[in-house]
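Just below is one structure, and these are the notes that go with it.
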Amino acid sequence: MDKLYFAYGSNLSPKKQVKEFGKEFVFVCVARLENAKICFPQYSRKNDCDVASFVCSSNSSVWGCVFKLTQDQMSKLDRQEGWKDNRPSDKNSYEKKQVRVLSSSGEELKAYPYQGNKAKPDEYKGPSEEYLTYILEGLKYRVKDGIPMHYIDEVKVQARKLGNH
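If you're matching positions, the sequence shown starts at 6 in the working numbering and goes up one per residue.
Laid out in structure tokens, this is it:
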């Protein structure tokens, strides 16, 4: 059964999708997660840098894309993101909970993002240039579909904040 995935970090990049999954995900729409803010609070050994997550933040939104993934793609993404359904949440690298996102046309959709749960602000390194480039490429690629240009600048600012949590 297909599932909707809300990507807001490096998995927005078509290049990364092809590199990791062999093909691009099926694009559904641009969407935003309201009352949330992008941040880079936790270190990833795989990426050797701090990676994207989001925190609750009134009057802010995290922009990204909703993709339709097959069960096989979702299972592979779960492994890539260090998430197992039968493992205690504190042992997973991310939380995976269904959330409501709003499409750029105002339609409400239920989708699954991955939210980091291992913040270590005292050890902040920030995202690598390669990792940040994947995010920015993905966002820029979807400007034509409704990603606001000002949000790309916001991501750049958030990526440079130390102790971002």
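Ideal Cβ positions, reconstructed from N, Cα and C, are used throughout, including at glycine. Predicted model only: the values in this text are computed from it and were never measured.
If I follow the unbroken alpha helix (DSSP H) through residue i, where does it start and stop?
i      : result
ASP95  : Looking at the DSSP string, ASP95 is not in any alpha helix (DSSP H), and its letter there is neither H nor E.
LEU114 : Here LEU114 belongs to no alpha helix (DSSP H); instead the beta strand (DSSP E) covers 113 to 116.
LYS24  : 19 to 26
GLY143 : 134 to 146
Under 8 Å by Cβ, that's how I've got residue i and residue j pegged, so tell me the actual separation to the nearest angstrom.
i      : j      : result
SER62  : LYS42  : 4 Å
CYS101 : TYR119 : Here residue 101 is Lys; the residue named in the question, Cys, does not match the sequence. Yes, LYS101 and TYR119 are in contact; Cβ-Cβ is about 5 Å, under 8 Å.
GLY131 : TYR99  : Actually they are not in contact, since the Cβ atoms of GLY131 and TYR99 sit about 19 Å apart, beyond 8 Å.
Which partner residues of residue i appear in the DSSP bridge assignment?
i     : result
ASP55 : TYR48
VAL5  : Any answer about residue 5 is impossible in this case: the structure gives the chain only from 6 up to 170.
Taking only heavy atoms of the ligand HEM into account, decide whether any of them is closer than 7 Å to the Cβ of residue i.
i     : result
VAL60 : Here there are no bound small molecules, and the ligand HEM is not part of this structure.
Consult DSSP for residue i and reduce its assignment to one of helix, strand or coil.
i      : result
GLU39  : strand
VAL160 : helix
ASN64  : strand
TYR129 : coil
PRO153 : coil
LYS81  : helix
TYR119 : strand
GLY168 : The pLDDT assigned to GLY168 is 49, lower than 50, so where the model puts this residue is not dependable; a value taken from the coordinates is nonetheless given after this. Here GLY168 sits in coil by DSSP.
Assuming residue i is part of the beta strand (DSSP E), what are its boundary residues?
i      : result
LEU107 : 104 to 108
TYR10  : 8 to 12
GLY87  : That residue, GLY87, is in no beta strand (DSSP E); it is neither H nor E in DSSP.
query = Counting Cβ pairs, one atom from each stretch, are 3 or more of them under 8 Å apart for the segment 107 to 123 and the segment 55 to 73?
reply = yes
query = Would the segment 17 to 34 and the segment 154 to 163 be scored as touching if the rule is three or more Cβ pairs under 8 Å?
reply = Taking 8 Å as the limit for Cβ pairs, the verdict is that the segment 154 to 163 does not touch the segment 17 to 34.
task = Say whether the segment 43 to 61 touches the segment 128 to 142, bearing in mind that this needs 3 or more beta-carbon pairs closer than 8 Å, one atom from each stretch.
result = With a cut-off of 8 Å, the segment 128 to 142 and the segment 43 to 61 count as touching, because enough Cβ pairs lie within range.
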